[in-house]
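K.L.:
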Amino acid sequence: MEHIHQDNPVEEVGGYPGDRLPTENVEVIARQWSWEFRYPDQGVSSTELHLQVDQPVRFRLVSEDVLHGFFVPAFRLKQDVVPGRAINFNLTPTREGRYRLRDSQFSGTWFAANQVDVVVESGETHAAWLKQAAALPLQSGISDAVEEYSKRAQKTNPGWATVPPAPPPQVNVPGSNNLPHDA
Amino acid sequence: MTLATFPDSEPKPSWSRYFSFNTDAKVIGIQYIVLAFFFFLIGGLLAMIIRGELITPQSDLVDRTVYNGIYTMHGTIMLFLFIFPVLNGFNNLLIPTMIGAPDMAFPRLNAVAFWLVPIFGSLLIASFFVPGGPAYSGWWSYPPVSIQNPLGHLVSGQGMWLTAVALSGVVAHRRGVVWCVIHHGGGEFRDHDHPHASTGDDLVPDAGLLLDCIGGPEPPADRSACPHGWRDHAVI
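In order, the protein sequences belong to chains A and B.
Those letters in the first sequence? Residues 1 to 183, per the working numbering, in order.
Those letters in the second sequence? Residues 1001 to 1236, per the working numbering, in order.
#1: Should residue 1064(B) go down as buried or exposed, given a rule of 16 or more other Cβ atoms within 10 Å for buried?
#2: Grab the span of the beta strand (DSSP E) containing residue 30(A) for me, first residue to last.
#3: Tell me which residue opens and which closes the alpha helix (DSSP H) that residue 1074(B) is part of.
#4: Helix or strand or just coil, what does DSSP make of residue 168(A)?
#5: What is the rounded straight-line gap between the Cα of residue 76(A) and the Cα of residue 1116(B)?
#6: Does chain A have any CB closer than 8 Å to the CB of residue 1032(B)?
#7: Beta-carbon of residue 160(A) versus every beta-carbon of chain B: anything under 8 Å?
#8: Between residue 53(A) and residue 17(A), what straight-line distance do the alpha-carbon atoms span, to the nearest angstrom?
#9: Residues of chain B with a CB under 7 Å from the CB of residue 69(A): which are they?
#10: Against chain A, does residue 1176(B) count as a neighbour if the rule is that its beta carbon must be under 8 Å from one of theirs?
#11: Just reading off the alpha helix (DSSP H) that residue 144(A) is part of, what are its end residues?
#12: Is residue 99(A) helix, strand or coil when you go by DSSP?
#13: Would you please verify whether the beta carbon of residue 1202(B) is less than 8 Å from any beta carbon of chain A?
#14: When we look at the beta-carbon of residue 32(A) and count the other beta-carbons within 10 Å, is it buried (16 or more) or exposed?
#15: May I have the straight-line CA-CA distance separating residue 1058(B) from residue 1110(B), to the nearest angstrom?
#16: For residue 1155(B), which residues of its own chain have a beta-carbon under 7 Å away from its beta-carbon, when the five flanking residues on both sides are left out?
#17: Name the chain B residues whose beta carbon is nearer than 9 Å to that of residue 65(A)?
#18: I think residue 1237(B) touches residue 1139(B), with their Cβ atoms under 8 Å apart; what is that distance to the nearest whole Å?
#19: For residue 182(A), I'd like the list of residues in its chain whose CB is within less than 8 Å of its CB, leaving aside the five on either flank, ordered along the chain.
#20: What do you reckon, are the CB atoms on residue 87(A) and residue 61(A) nearer than 8 Å?
#21: How many Å lie between residue 1126(B) and residue 1101(B) at the Cα?
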């Protein structure tokens, strides 16, 4: 039998990454129209999803208002978020990079703008991010809908009626909605 | 010797019958098709606005609320006011001829079903002009987003949308009855000289599905199971 030396053989960390039990929990709160991510184990919240590469993660998906869809096209994964229930959803990101999370169930006026970034990073970077985030004070997170809604009120002909967007979530890390992303 | 005399040919019916309550399946067929193409033009105009907005990724031609409303109304119009009526039109024109029957099973029911189309069509188009604009939750109208009523008015675009679609369900139900009965009970009118001619029976599952979808009665599985009363009524 051939023996291959690897820097970090999969046997050492326990089989294929997707076979292991998740160690990280992330609560995803979908709203009209923003995404909020809470890391209950570290006491961190964000409007940009940060994940560790090759590390299974367990999501708890909840919606505060209408149907939403948790959809990361680069992951080829999508899960409806249904108001009134918490949905468990596990995945294991396998490539580092900056991706895009989109809403995939029509959720009203700013449905198309309800997008944030997903950052898949190495274990060290992820641990450092969590540590740094926990020390930051709460501030308003990303909500393009809130920004557009305030500009819309100044227009003479603002269009048809809309549900007002929920206030932006108060989070440790707002993140950015303007950086180039891989997919 | 007397020459045989023939009765005067009947006067050509007036074109205005196409705008009246007419029970002739061929007239109803034309009525359906012409009305369907009228709504097709409206739906197509909305599609052009949608495509205009989509020329660029930015939301820059119309407001997001207007886009969602137009998108919803485009889908609704194309389904409920174009595809369904135009198929009804072809069925009215073709089925009686294909199975050798003089008319559809219930001509008056057939005409009533047609005239509901302009009624619910007007209702749907009128929803563009109520405060707050038309329905915006897509032609599928999933709750809870479809029951969010931003202005809180009793008469809302979404409410009018729902009423119009419910009326279109009544049309579909009546059409289903008319089809099932002519297929199962209209056999007496069949062309017995050409028993293997196309009978249009392939449409029966479709009509049965229509009835099924809206909770109506199941059509009989085969003609022998058809209640005899249906057959008797087929010539009303």
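Note that CB positions come from ideal geometry on N, CA and C, so glycine has one too.
Treat the numbers as computed from the prediction; the structure is a model and nothing was measured.
P.N.:
On the basis of the coordinates in this document:
#1: To locate residue 1064(B), count along the second sequence from 1; it is residue 64. Residue 1064(B) should be labelled buried.
#2: Position 30 of the first sequence holds residue 30(A). Where residue 30(A) is concerned, the enclosing beta strand (DSSP E) stretches over 24-31.
#3: By one-based count along the second sequence, residue 1074(B) stands at place 74. Taken as a continuous stretch (DSSP letters only), the alpha helix (DSSP H) holding residue 1074(B) covers 1064-1076.
#4: On the first sequence, residue 168(A) is found 168 positions in, with the first residue counted as 1. Here residue 168(A) sits in coil by DSSP.
#5: For the purposes of this step, residue 76(A) is identified with residue 76 of the first sequence, where counting begins at 1. For the purposes of this step, residue 1116(B) is identified with residue 116 of the second sequence, where counting begins at 1. Distance between the alpha carbons of residue 76(A) and residue 1116(B) is about 45 Å.
#6: Stepping through the second sequence from its first residue, residue 1032(B) is reached at position 32. Not an interface residue.
#7: By 1-based counting over the first sequence, the position of residue 160(A) is 160. So, interface residue.
#8: In the first sequence, the residue the question calls residue 53(A) occupies position 53. In the first sequence, the residue the question calls residue 17(A) occupies position 17. Computed Cα separation, rounded: 9 Å.
#9: Position 69 of the first sequence, counted from the first residue, corresponds to residue 69(A). Correct list: empty, because the minimum Cβ distance to chain B is about 11 Å.
#10: Along the second sequence, read from residue 1 onward, the residue named residue 1176(B) stands at position 176. It does not; no Cβ of chain A falls within 8 Å.
#11: Indexing the first sequence from 1 puts residue 144(A) at position 144. Note, residue 144(A): alpha helix (DSSP H), 144-152.
#12: The residue you call residue 99(A) lines up with position 99 of the first sequence. In this structure, residue 99(A) counts as strand in the three-state DSSP scheme.
#13: Looking up residue 1202(B) in the second sequence gives position 202. Caution is warranted here: a pLDDT of 49 is assigned to residue 1202(B), below 50, making its placement in the model unreliable, and the coordinate value is therefore given only provisionally. Taking Cβ atoms only, chain A never reaches closer than 8 Å to residue 1202(B), which makes this a no.
#14: Taking the first sequence and counting its residues from 1, the one referred to as residue 32(A) is at position 32. It is buried - the Cβ of residue 32(A) has at least 16 other Cβ atoms within 10 Å.
#15: Sequence index remark: in the second sequence, residue 1058(B) carries index 58 (1-based). Sequence index remark: in the second sequence, residue 1110(B) carries index 110 (1-based). Computed Cα separation, rounded: 47 Å.
#16: What you label residue 1155(B) is simply residue 155 of the second sequence in a count that begins at 1. Within the same chain, residue 1155(B) has close Cβ partners 1130.
#17: As a working note, residue 65(A) is residue 65 in the first sequence. Near residue 65(A) (Cβ distances below 9 Å), the residues of chain B are 1144, 1145, 1148.
#18: Since the first residue shown for chain B is 1001 and the last is 1236, residue 1237(B) is missing from the structure and cannot be characterised.
#19: Mapped onto the first sequence, residue 182(A) falls at position 182. Contacts found: 74, 97, 98, 99.
#20: What you label residue 87(A) is simply residue 87 of the first sequence in a count that begins at 1. What you label residue 61(A) is simply residue 61 of the first sequence in a count that begins at 1. The answer is yes: Cβ separation under 8 Å.
#21: The residue given as residue 1126(B) occupies position 126 in the second sequence. The residue given as residue 1101(B) occupies position 101 in the second sequence. In a straight line, the C-alpha of residue 1126(B) is about 39 Å away from that of residue 1101(B).
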